[in-house]
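Protein chains: 6
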Amino acid sequence: MAPDTRTSTDFEPSPAVVVGDTADAYFHRAAAVLRAENLNPTVVMEFAATRGGILCGIREVHSLLDRVLPETEREVWALEDGVSVATGEVVVRIKARYSTFNVYETAIAGTLSQSTSWATAARECVDAAEGIPVVCLAARYAHPAVVGHLEYSAIIGGCTTCSTAHGARMAGVQPWVSLPRGLILVMGETVRAAQAYDKHMAQEFPRVIPVDTLGDEVEEALNVSRSLKERLRAVRLDPPQNRGGTTPDLVKELRARLDLAGFSYVEIVVTGGLTPERIREFVEAAAPVNTFGVGKFIASSVPSGFSGDIHEVDGKPVAKRGRIPGVTQSRRLTRIL
Amino acid sequence: MAPDTRTSTDFEPSPAVVVGDTADAYFHRAAAVLRAENLNPTVVMEFAATRGGILCGIREVHSLLDRVLPETEREVWALEDGVSVATGEVVVRIKARYSTFNVYETAIAGTLSQSTSWATAARECVDAAEGIPVVCLAARYAHPAVVGHLEYSAIIGGCTTCSTAHGARMAGVQPWVSLPRGLILVMGETVRAAQAYDKHMAQEFPRVIPVDTLGDEVEEALNVSRSLKERLRAVRLDPPQNRGGTTPDLVKELRARLDLAGFSYVEIVVTGGLTPERIREFVEAAAPVNTFGVGKFIASSVPSGFSGDIHEVDGKPVAKRGRIPGVTQSRRLTRIL
Amino acid sequence: MAPDTRTSTDFEPSPAVVVGDTADAYFHRAAAVLRAENLNPTVVMEFAATRGGILCGIREVHSLLDRVLPETEREVWALEDGVSVATGEVVVRIKARYSTFNVYETAIAGTLSQSTSWATAARECVDAAEGIPVVCLAARYAHPAVVGHLEYSAIIGGCTTCSTAHGARMAGVQPWVSLPRGLILVMGETVRAAQAYDKHMAQEFPRVIPVDTLGDEVEEALNVSRSLKERLRAVRLDPPQNRGGTTPDLVKELRARLDLAGFSYVEIVVTGGLTPERIREFVEAAAPVNTFGVGKFIASSVPSGFSGDIHEVDGKPVAKRGRIPGVTQSRRLTRIL
Amino acid sequence: MAPDTRTSTDFEPSPAVVVGDTADAYFHRAAAVLRAENLNPTVVMEFAATRGGILCGIREVHSLLDRVLPETEREVWALEDGVSVATGEVVVRIKARYSTFNVYETAIAGTLSQSTSWATAARECVDAAEGIPVVCLAARYAHPAVVGHLEYSAIIGGCTTCSTAHGARMAGVQPWVSLPRGLILVMGETVRAAQAYDKHMAQEFPRVIPVDTLGDEVEEALNVSRSLKERLRAVRLDPPQNRGGTTPDLVKELRARLDLAGFSYVEIVVTGGLTPERIREFVEAAAPVNTFGVGKFIASSVPSGFSGDIHEVDGKPVAKRGRIPGVTQSRRLTRIL
Amino acid sequence: MAPDTRTSTDFEPSPAVVVGDTADAYFHRAAAVLRAENLNPTVVMEFAATRGGILCGIREVHSLLDRVLPETEREVWALEDGVSVATGEVVVRIKARYSTFNVYETAIAGTLSQSTSWATAARECVDAAEGIPVVCLAARYAHPAVVGHLEYSAIIGGCTTCSTAHGARMAGVQPWVSLPRGLILVMGETVRAAQAYDKHMAQEFPRVIPVDTLGDEVEEALNVSRSLKERLRAVRLDPPQNRGGTTPDLVKELRARLDLAGFSYVEIVVTGGLTPERIREFVEAAAPVNTFGVGKFIASSVPSGFSGDIHEVDGKPVAKRGRIPGVTQSRRLTRIL
Amino acid sequence: MAPDTRTSTDFEPSPAVVVGDTADAYFHRAAAVLRAENLNPTVVMEFAATRGGILCGIREVHSLLDRVLPETEREVWALEDGVSVATGEVVVRIKARYSTFNVYETAIAGTLSQSTSWATAARECVDAAEGIPVVCLAARYAHPAVVGHLEYSAIIGGCTTCSTAHGARMAGVQPWVSLPRGLILVMGETVRAAQAYDKHMAQEFPRVIPVDTLGDEVEEALNVSRSLKERLRAVRLDPPQNRGGTTPDLVKELRARLDLAGFSYVEIVVTGGLTPERIREFVEAAAPVNTFGVGKFIASSVPSGFSGDIHEVDGKPVAKRGRIPGVTQSRRLTRIL
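Chains as they are written, first to last, in our numbering: chain B, 16 to 352; chain P, 16 to 352; chain S, 16 to 352; chain U, 16 to 352; chain X, 16 to 352; chain G, 16 to 352.
This is the structure we're talking about:
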């Protein structure tokens, strides 16, 4: 599940992170006090999941720590992106001089929190789809500054691909593309837009055409099929809410009418408001879907929450109230730095 | 509510956004087809809220469009950050050559979606607090690439400040700071850490000390109060879940014991798992809280969702099925470009 | 509310009812025993509603009793069709020789039970519609032997008309008619069927055309409007469930697109799965509906239940356990026979 | 389960149905248009269940179609009364000139809808009773025009008999009879009425006496048992609601007291407000009930709903939106005309 | 509401309480330690309600403390039986040498807990009855060792009387009495038992006869009324569950039948499974009940819970965690010792 | 489970019970009538459980009946304390002259009702604890007059011991004791109080110290452990609600910190608001609890309710309505008198 770990600047921390601009400001104060007091103990800090899921964000954390921790005095253990973790499980352990990493606690926790929640949400969809491919179409629900990280996480969670160049590059896949509705509106007719799209696009790209923009889904699908013939790879269903959205029965009717007209090779892509529950409805009804596209559900996942706790100071077990002092036993952690 | 609109690089789009790396890839395909067909109509696109809330993200969108749309052929109308919007309300209207902005539809929708949901969540907390200040402590639940934008949005929604330098700078406020727990664990005692913190920090910064790290909240609060005396501004309550979290009764007891010991000037800050419901419990019980700190609730808000629809092509009303053709009437939109 | 009481054979009891074939058979046994015992007391029997609603069925009961009770020894009091009755209220009181009417208890109770439940269900729809006309389209959910009675009751409950000749005749109204979908399928195109319909039908009948049989509702509505022009009275919306049924937003979009194209005189009829709750959604959303058509909801109403209890035998108050002996006081009953 | 198919006028359509008075009026308009256009294609129409259940009404539909379709140009396939059908299953397929049957679509759908819902409701009771006989006592909740059809359907669903002569004749059974309460009230005492009933009734009819009209159920049952001795077949329990209705414990006590007094051959019939749930309570409590009588539950069943859709016109597959074109595959349909 | 405070041995503590046998044993250990350490401070202990209600038990607590605290060194403040108290309100404050009362903390808390819960439950019934008298018939649900205290508390809560001599004596009222069912079963007939009861009982006692033991309630009530005539004060309804218990409709029917027969002076007493909700049903239905009898509901009340906390030791404010140190302000407490 | 049946005055009825002061007063009236009528039949009365549970109270009932029934004319059968009984099961059968026991029906029913409900509640806790000992700490929620009986019943239900001398003596066990909080408050420090307690108490008693009175639970536990060393048997957790009560995680942390400090022999006792549900949470989370203490839950149990019905009078089967006449078959009853 985990991608190869080749270097990529996409996983590099931004300058704002490196200089500590995105850290909770009090960590800078703590650093100042420790300097003034001439204290710089070696500290063991552990990051643990506050709820179970599919871990993600480790690759970014690795890249950050590799850059900021001095090579001679650092030990970092971690699990890897894509493994399943339990509530309370330790996923990263850092042993280093406290002043070398204390300002990065916020960034590490935040990176793990969102990445893990995105990967976990994607996994829920993939599990529900029982083998039918799921693509991540969440870009329009996320701030562009994190779109790539969200898509990478979704692919770690099991999605086959995503919709932007940024996320696709981070995950090492090709982006998923269909004809956009805007082109249909600008050209005035679905078939005309499909023909132009077909004419000007390299042969190796699959033609996927939305068929719910101007007329009835089935009518449009038949018209587009008749026009593009074998060059048509798939039609995409995402009808507006006031036309009922997509239902298993609609997919079945469309499949039947396409087959009746001789277009059994045309695939059906279903998108629009999908959740694991809704995907399960399609699967249980045996609706002949070829690909699901999920967006808002992944972008809406609640941050998983990762605590960062000091468990040892200069070799002595400590912990705040509510935590157990000393290094936590774990057979799964591997030293990565 | 809205901050001044002075220029700031913090609201500038990143290069990845400008080059279209974070756009749904199919917009690039559409642009290629239109070029090949020699089509470049003037299009009116409207972004409308799919659910009500406190609008945010306009300032970033303004900055992006100002940079990418040619000055001679553009009209942009918008509402402003911080206004309340209804379900279905149009918040941005763009009239320009389609090829000049079609690849930015994803970025605009995503920016508005998350910023608005963050501002709306913050507003719910602020409303629940009925005048007691609320600070945003969400940084550790958000990817560092969006921490600043989240905090700016929360302040637009009514929070008085936030915890990182980045968000504080974007919103033009001072960050909120308390003594971090890590310092207490490293120094081994709450009072010792508080004294060091007090000694080395400039006089103008308020001393806020957490009192739940190693011992009973009330005991620690009294010890710290006796040590720092009038220099202590506030104690912070955020006890671990297995010690019950913070309750209205605990705040009342702490207030009573502080008053009994002569520390009626010491304020009480409550943080940890707060939501509008939990804030309301404190307010209804008349618990003497001086400041609330909210984190995960704001970071967990579900993206609001903004549709981007074409309503006019070269002066002709159009719309996809499910939308009403033609420019939408609005008395609230102002021309910003 | 109540129609004029002109005579009509539609309200006459069938021969099976008159000879007692539809009576609970034990009433015949009771009659035989009383004859053998030479007993034939004068009895007061009262029919009371077991739950509140809009009373209906009285006209049929009147017709039956007028035919079977000897004129010299009968007293019948009743409320009239269309009045609102409370739980437990007496609606019919008969004083006559027991042998002259005991076999009709079943028919009287059954007639009142179903007619009242149909009228009550219709009234709930009419109340929800707040002034927008409601027509009864329940014929295909009811056995043809009661279709007319059901429709008469629905009109007593407030519907403006119904769909069969039988019900319309009973209630003294014109039946409601639109072009049937079968004609469209037989002729292959909606516009072609509409043109034929328009061409061959007398001018005085309004043209109402369904626009959801073969293509998108809005497209078809525009096509039909362009074809029939001012002769088109209304379009009918009843899209299949796998195309989303009818929603307030769809009605609004259709209205807007019709107006935009200059067809503001074309009305919109909404049918398909309507209930008082769903009608209320349209009304609350201010969706511009001109007529609602309700079917299954009225046909599905649970029989109201009317008890028939003996309260006096030869002038002596009696009652079975659970009832209060003696004639029940009522200021609303009027003597009708 | 299905009765023999001997001819009976009870299944004949009424004149109002044959002339089309109970048809949705628009079917007459469609017929007129087709005549004017000189169109009379051969059409395949299929009636399918919109929800599963025990099919009923076929015998009436068969009788209607046999009368109206010309023998030389008709093909009718159908399932038979009493079979279990699934949601969406085709139960009747007609292939004939459209003008010969289009006005009967309403009557066919309505007949199947109500008959199937009655049979299905009866079956639910019969299943719950786990072998204890269930009789249909619904006549007083149904309009007399459909009482016989309701009872026939209930017997198709599994009831052993019913209470009116009409229904019994349709189903080929003897009606179920007990002494009616009216006789008790007229004669003033339960025992006196039971004696008169016993004296004047032919020996072959079983004596079933209600024992809850004037006094305590158990007292009355013992008094009646002592009076009629071995000639008593059963006592009937249906106490008024303000005396608690019938409960499993009451049946057990009555059984014990009858046995104690030597009347172990007297059976117990339970009626009054029974539903599958309440029947199940008796069965699960092992209450010694000999017969259940069910009324309102069967009369209250929601019409099942049967769609009538054109699937072929002159040999060409067609369908309205939401249906799949062409004749539906079915291995269960048998040609009946 | 509170009875006169005349002395009565019924409120005296039992020897087991006085010697500390019913105290949590650890209080004896504490006393031994303090003696050994030669410590015997003056302590202020406060008992506070953990939930609101009608206070009861004070009279017993007063009696206990008066007996055990040395007169020269004691101060006791309290509210009085029958007042309404809020959650958290202090109801008893003791200032005395700790060794003189520490072993009685358990007895004081327990006495207040149960007495208050009984009084509160009774009050809920009395409030629901809106002026109709409520008598306490809970004796058969309570251990005989507390029956009298339960009944006294119920009368403090608003009941007019109770069923045992013990409770009646404690509250200074006459016990409520009806003819017991056992007498009816032993004598074999309700009327015969009623006549014997009437014959042998002093004239001043009201005759209340249960009418649901052997036959139908209404029949028996009429028989008893005819037999005892004006000497009959009331009939009591408490039919078994398998005969439906008592309902508002049954009371109305009984009232009507009694009135019809000339017994309008006979009152109706309703007992059996009553709760505030069920009483409210009778009141809202305007059922003509003359007296309600409540048993199990009062006996089932959950102990209110009274904390006993030390707030001052030798004049110094103290408190365990979770309580506020120092004497609690209260304007309602009165010094009683 | 049942203790030995050695004689003990603790199970003797009080004089008020023997003279009938706690009886429903009408039983005295019935006795007077029977005397006056010279009737004194031999009666069989059966007490049956109205709901299932763990039977208790038999030993007291035995003691009462042994004292009041004349030896020559009595037969008493019963089950024994501690057995599980089903709804409706007979637990005591008395055959004797009616006048010798009729006034004790109330006391017998009340004793069984409360004792059985206490034992049943205790059993639910014991079952939930899956082998971990449960002690009954309910004394402060019960009136002192029944504290001993409650505790005896709880031990019959499976608790290992209780907190008062009275209950412990009745059940033949040693009472459970910890250091009381009052001593800590009087002495001002937990450790000081623990030392005094340790110093003055006989060696054979286990030292159990509460660690939540003045400071954090874990801090106090470590302090006490360091002070008492091997003489410390257990620490008791019952933190105030505004400190979160006790949770599985708190127990785990405490265990870990005690073990880390070398105090693995110190046990953990959990008390405070426990119910079967909460106990199950600890057990399911595998929290290392050594003993549970349950109070309010047992004291709050709803009285089970025991009916006392006459089933035979002078050898003749009788019963009130709703019961089955004659002696009930039972293979479990044993003759005890």
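Even glycine gets a Cβ: it sits at the ideal position worked out from N, Cα and C.
In summary, R270 (chain B) is buried, with 16 or more beta-carbon neighbours lying within 10 Å of its beta-carbon over all protein chains present. A distance below 8 Å separates the beta carbons of T126 (chain B) and G72 (chain B). Among the CB atoms of chain S, one or more fall inside 8 Å of the CB of V233 (chain X). Taken through DSSP and simplified to helix, strand or coil, I351 (chain P) comes out as coil.
Looking at the backbone, the Cα of V32 (chain U) and that of D39 (chain U) are separated by about 11 Å. Residues are counted here when their Cβ sits less than 7 Å from a Cβ of chain B; for the segment 315-326 of chain P these are S315, V317, P318, G320 and I325, given in chain order. Between the C-alpha atoms of G310 (chain S) and R74 (chain U) there is a straight-line separation of about 25 Å.
If you ignore the 5 residues before and after V91 (chain S), its C-beta comes within less than 6 Å of the C-beta of L80, I109, I351 and L352, all in its own chain and listed in chain order. With a threshold of 8 Å between beta carbons, I339 (chain X) makes contact with chain P.
Scanning chain P for C-beta atoms nearer than 9 Å to the C-beta of L275 (chain S) yields P332, I339, P340 and G341, reported in chain order. In the DSSP assignment, L237 (chain P) falls within the alpha helix (DSSP H) that extends over E232 to L243. Listed by position along chain S, the residues whose Cβ is nearer than 8 Å to that of D253 (chain B) form an empty set, because the closest Cβ is around 13 Å away. Nearest C-alpha to P340 (chain X) among P:G288, P:D274 and P:S316: P:D274.
Between R336 (chain G) and chain U, the shortest Cβ-Cβ separation is below 8 Å. The beta carbon of E268 (chain S) falls within 8 Å of a beta carbon belonging to chain P, placing the residue at that interface. Along the segment 269-303 of chain B, going in chain order, the ones with a CB nearer than 8 Å to a CB of chain U are A271, R272 and L275. Proximity to C151 (chain P) across P:T131, P:T175 and P:A143 peaks at P:T175, based on C-alpha coordinates.
Residue nearest to D329 (chain S) within the set U:E296, U:Q210, U:V201 and U:S128 is U:V201 (criterion: CA-CA distance). Here the segment 186-205 of chain S makes contact with the segment 37-54 of chain U; the two share three or more CB pairs at distances below 8 Å. Taking the Cα of A143 (chain U) as reference, the smallest distance to any Cα among U:K335, U:V100, U:F220 and U:V298 is reached at U:V298. Sorting S:T262, S:V266 and S:V223 by C-alpha distance to the C-alpha of E245 (chain S) places S:V223 at the top. Per DSSP, I339 (chain X) lies in no beta strand (DSSP E) segment and is marked neither H nor E. If one requires a minimum length of 3 residues, the beta strand (DSSP E) runs lying completely within the segment 33-79 of chain G are 57-64, in chain order.
D213 (chain G) carries a helical assignment under DSSP once its states are collapsed to helix, strand and coil.
According to the DSSP assignment, R248 (chain X) belongs to the beta strand (DSSP E) that extends over L247 to L252. Its chain contains F62, F321 and G323 as the residues whose beta carbon lies nearer than 7 Å to that of A124 (chain U), once the 5 sequence neighbours on both sides are disregarded; these appear in chain order.
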